[in-house]
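Asks:
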Amino acid sequence: MTEAAQAAVEARGADAATPATARTDSSGRNTAVLVLFTAATNLADGMLKVALPLIATSLTNSPALISGVLTTLTLPWLFTALHVGVLVDRGDRRKLLWLANAVRVAVVGGFLAAALAGTLNLAMIYAGGVILGVAEVIALTSAAALLPSLVAAPKRERANSWLTGSETVCNEFLGPFLGGLLVAAGAGIVLGTSAITYAITAATLVFLVGRFRAVQTTAPAGVAAARPAIHAQIVEGLRYLWEQRVLRVMTLLVGVLCSLWGAWLALMPLYATTTMGLSTAAYGLLVGALGAGGTCGAVLVSHCNRLFGRRRVMFGNIFLTGALVAFPAISTNVWVVALGAFLGGLGSGLWVVNSRTVSQTLVNASMMGRYSAAARLFGWGSVPVGAFVAGLLAEWVGVKAAFAVFALIALTVVVPFLRVYSRTVAADMETRISSGAEPPAPGVREHNDGHVDDAHSP
7 MTEAAQAAVE
17 ARGADAATPA
27 TARTDSSGRN
37 TAVLVLFTAA
47 TNLADGMLKV
57 ALPLIATSLT
67 NSPALISGVL
77 TTLTLPWLFT
87 ALHVGVLVDR
97 GDRRKLLWLA
107 NAVRVAVVGG
117 FLAAALAGTL
127 NLAMIYAGGV
137 ILGVAEVIAL
147 TSAAALLPSL
157 VAAPKRERAN
167 SWLTGSETVC
177 NEFLGPFLGG
187 LLVAAGAGIV
197 LGTSAITYAI
207 TAATLVFLVG
217 RFRAVQTTAP
227 AGVAAARPAI
237 HAQIVEGLRY
247 LWEQRVLRVM
257 TLLVGVLCSL
267 WGAWLALMPL
277 YATTTMGLST
287 AAYGLLVGAL
297 GAGGTCGAVL
307 VSHCNRLFGR
317 RRVMFGNIFL
327 TGALVAFPAI
337 STNVWVVALG
347 AFLGGLGSGL
357 WVVNSRTVSQ
367 TLVNASMMGR
377 YSAAARLFGW
387 GSVPVGAFVA
397 GLLAEWVGVK
407 AAFAVFALIA
417 LTVVVPFLRV
427 YSRTVAADME
437 TRISSGAEPP
447 APGVREHNDG
457 HVDDAHSP
């Protein structure tokens, strides 16, 4: 390439980069739209999360088959997340959100038609669950990559708090509560409500302003731009995650803790409706305790960070998540189990806001799609693993013993977190967050003390 052509490429790249920062919305409009979209879609997700396993209990009494419903909803994270991450970094993220909701409407509409015809069966639920899972991978990865490019850095922690609060309220409280009530009235009602919610929510995205594509360096006219192969971009994203020590360990830690959530969500439908003797509506309220805790965590996170420090707050999530599975292992009392669910949700709300703020401080915008996908691969991808293992354990040693095993697993991440997210690293992170420092570029590696340098230097 000639020097003139190279200069043109650099100039166009600079021009493309400028709007990514300059066009972030300072009025709060983008935050409001993203919160509304997140709240509504998670309301529908929460209804289905409760409704589909409960519908499955009317078709089979097998813990393994019932837990398989949750497995199908989350399994796509294991097989599609990395490819979706590349898609998100290449494409229009708002259009991808529209695509995801269109797929959701089609699948849930198919469930509705089958339910009304009396032909809905486990095979259909499994197949539709996989497709819904792929749509969720696309939607969550696209939304996570959109926020840093549409919301100015000083407002991101507050935006993360609002997004986390709306997500937990709707996905883990209002959604499950409504799902439990509506499925008791009929499968068709809960499925129809979910489909309509997905359809209406997609319209809110037209009010977003800013850039919806990742900033890419483009070639001038007459100069062919070579797009890297998908495999090469996947490897680049994984390498980027691995070279950031804090992100790497946080991601692996979340994978372990998400397996506990998978175990709880897989075992609780049968445990609550048989061993605990709860009705389907009461089970919806029990699951809603997760959302109540998550809401409190999202609302109180800033106060907790000021009072205890971000590092201690994130560390506390390990024990709060452990309580989620430990309490059902020691008691069948609904209030004890609900308290465990509340504490698990509380820890999740505190962790999600803080971890999102940390990752948005460390991850370069051009890598956000691939990082989000890789991180969620380990997180959400661990949910079906936990659900599958929990189902097998429950068949072998019983449901209460399976809960106890997963409670012990929570303790395995204590030492790794304390060693990696040390006081020195935590102090450096707070400096970066408060200063609004730009994330390190791809190819930059982090030292144990939180500082960074060129990963490819000798």
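Sequential numbering from 7 applies to the sequence shown in our numbering. Glycine included, every Cβ here is placed at the ideal spot set by N, Cα and C. Keep in mind it's a predicted model, so treat the numbers as computed, not measured.
Using 10 angstroms around the beta-carbon of A416, count the other beta-carbons present and answer buried if the total reaches 16, otherwise exposed.
Replies: Taking the sequence shown and counting its residues from 1, the one referred to as residue 416 is at position 410. The residue is buried, with at least 16 neighbouring Cβ atoms inside 10 Å.
Asks: Per DSSP, which one or two residues make a beta bridge with D98?
Replies: For the purposes of this step, residue 98 is taken as residue 92 along the sequence shown, with counting starting at 1. DSSP, once it has assigned bridges, lists R219 as partnering D98.
Asks: By the 10 Å Cβ neighbour count, where 16 or more other Cβ atoms means buried, how is G355 classified, buried or exposed?
Replies: In the sequence shown, counting from the first residue as 1, residue 355 sits at position 349. Result: buried.
Asks: For T301, which residues of its own chain have a beta-carbon under 6 Å away from its beta-carbon, when the five flanking residues on both sides are left out?
Replies: Counted from its first residue, the sequence shown places residue 301 at position 295. So the qualifying residues of the chain are G171, T174 and V175.
Asks: Using 8 Å as the cut-off, can you tell me whether the region 366-381 makes contact with the region 134-152, which would need three or more C-beta pairs spanning the two stretches below that distance?
Replies: These segments touch.
Asks: Expressed to the nearest angstrom, what Euclidean distance is found between the alpha-carbon atoms of A108 and I202?
Replies: The residue given as residue 108 occupies position 102 in the sequence shown. The residue given as residue 202 occupies position 196 in the sequence shown. A108 and I202: Cα-Cα distance of roughly 11 Å.
Asks: Which residue wins for smallest C-alpha separation from K471, given the options T37, I137 and I72?
Replies: Residue 471 lies beyond the range of the chain shown here (7 to 464); nothing can be said about it.
Asks: For M318 versus L214, is the C-beta spacing smaller than 8 Å?
Replies: As a working mapping, residue 318 is identified with position 312 in the sequence shown. As a working mapping, residue 214 is identified with position 208 in the sequence shown. Here residue 318 is Arg; the residue named in the question, Met, does not match the sequence. Their beta carbons are not under 8 Å apart, which means R318 does not touch L214 by this criterion.
Asks: How should G404 be labelled, buried or exposed, when 16 other C-beta atoms within 10 angstroms of its C-beta is the threshold for buried?
Replies: Working through the sequence shown from its first residue, we reach residue 404 at position 398. Its Cβ having fewer than 16 others within 10 Å, G404 is exposed.
Asks: Do L180 and F43 count as a contact pair if the criterion is CB distance below 8 Å?
Replies: What you label residue 43 is simply residue 37 of the sequence shown in a count that begins at 1. What you label residue 180 is simply residue 174 of the sequence shown in a count that begins at 1. No. Outside cutoff.
Asks: How about G139 and G261: do their beta carbons lie closer than 8 Å?
Replies: If you number the sequence shown from 1, residue 139 lands on position 133. If you number the sequence shown from 1, residue 261 lands on position 255. Not a contact, by the Cβ cut-off of 8 Å.
Asks: I'd like to check one pair, L349 with L326: are the Cβ atoms closer than 8 Å?
Replies: Stepping through the sequence shown from its first residue, residue 326 is reached at position 320. Stepping through the sequence shown from its first residue, residue 349 is reached at position 343. Result yes, Cβ atoms of L326 and L349 sit closer than 8 Å.
Asks: Using the three-state DSSP reduction, which class does V157 fall into: helix, strand or coil?
Replies: Working through the sequence shown from its first residue, we reach residue 157 at position 151. V157 falls in the strand class under three-state DSSP.
Asks: Report the three-state DSSP secondary structure of T199 (helix, strand or coil).
Replies: Against the sequence shown, residue 199 aligns to sequence position 193. It is helical.
Asks: Going by DSSP in three states, T63 sits in which element: helix, strand or coil?
Replies: Working through the sequence shown from its first residue, we reach residue 63 at position 57. Here T63 sits in helix by DSSP.
Asks: Would you grab the beta carbon distance between R316 and T367 for me? Rounded to a whole angstrom, and I think it's under 8 Å.
Replies: Within the sequence shown, residue 316 is the residue found at index 310, counting from 1. Within the sequence shown, residue 367 is the residue found at index 361, counting from 1. That pair is no contact at about 11 Å.
Asks: Relative to the alpha-carbon of N360, which residue among V136, M320, P390 and M374 has its alpha-carbon at the smallest distance?
Replies: To locate residue 360, count along the sequence shown from 1; it is residue 354. When only C-alpha atoms are compared, the closest one is M320.
Asks: Within 10 Å of its beta-carbon, does R362 have 16 or more other beta-carbons around it, so buried, or fewer, so exposed?
Replies: Here the question's residue 362 lines up with position 356 in the sequence shown. When all chains shown are included, R362 counts as buried.
Asks: Would the region 328-340 and the region 113-122 be scored as touching if the rule is three or more Cβ pairs under 8 Å?
Replies: Not touching, per the Cβ criterion.
Asks: Given D98, which residues of its chain have a CB within under 7 Å of its CB, disregarding the five upstream and five downstream residues?
Replies: Numbered from 1 along the sequence shown, position 92 holds the residue referred to as residue 98. Contacts found: F218 and R219.
Asks: Helix, strand or coil for T125, going by three-state DSSP, please let me know.
Replies: As a working mapping, residue 125 is identified with position 119 in the sequence shown. Three-state result, T125: coil.
Asks: Using alpha carbons as the reference points, say which of V305, R429, A407 and L49 lies closest to A205.
Replies: For this step, residue 205 is matched to residue 199 along the sequence shown. Of the candidates V305, R429, A407 and L49, the one whose C-alpha sits nearest the C-alpha of A205 is L49.
Asks: Evaluate the contact criterion for the region 385-400 versus the region 73-80: three or more CB pairs, one atom per stretch, below 8 Å.
Replies: Output reads yes: the region 73-80 touches the region 385-400.
Asks: Do you know how far the Cα of A344 is from the Cα of V369?
Replies: Taking the sequence shown and counting its residues from 1, one reaches residue 369 at position 363. Taking the sequence shown and counting its residues from 1, one reaches residue 344 at position 338. Approximately 36 Å between the Cα atoms of the pair.
Asks: According to the neighbour-count rule (16 or more other Cβ atoms, all chains shown, within 10 Å of its Cβ), is N339 buried or exposed?
Replies: Translated into positions along the sequence shown, residue 339 becomes position 333. It is exposed - the Cβ of N339 has fewer than 16 other Cβ atoms within 10 Å.
Asks: Would you identify the three-state DSSP class for A28, choosing helix, strand or coil?
Replies: Your numbering for residue 28 matches position 22 in the sequence shown. Note that A28 scores 39 on pLDDT, short of 50, meaning its location in the model is unreliable; the coordinates nonetheless yield the value given after this. It is helical.
Asks: Does V403 come out as helix, strand or coil in the three-state DSSP assignment?
Replies: Within the sequence shown, numbered from 1, the residue matching residue 403 stands at position 397. Reduced to three states, the DSSP call for V403 is helix.
Asks: Between I195 and T47, what straight-line distance do the alpha-carbon atoms span, to the nearest angstrom?
Replies: Locating residue 195 in the sequence shown gives position 189, where the first residue counts as 1. Locating residue 47 in the sequence shown gives position 41, where the first residue counts as 1. Roughly 17 Å separates the two Cα atoms.
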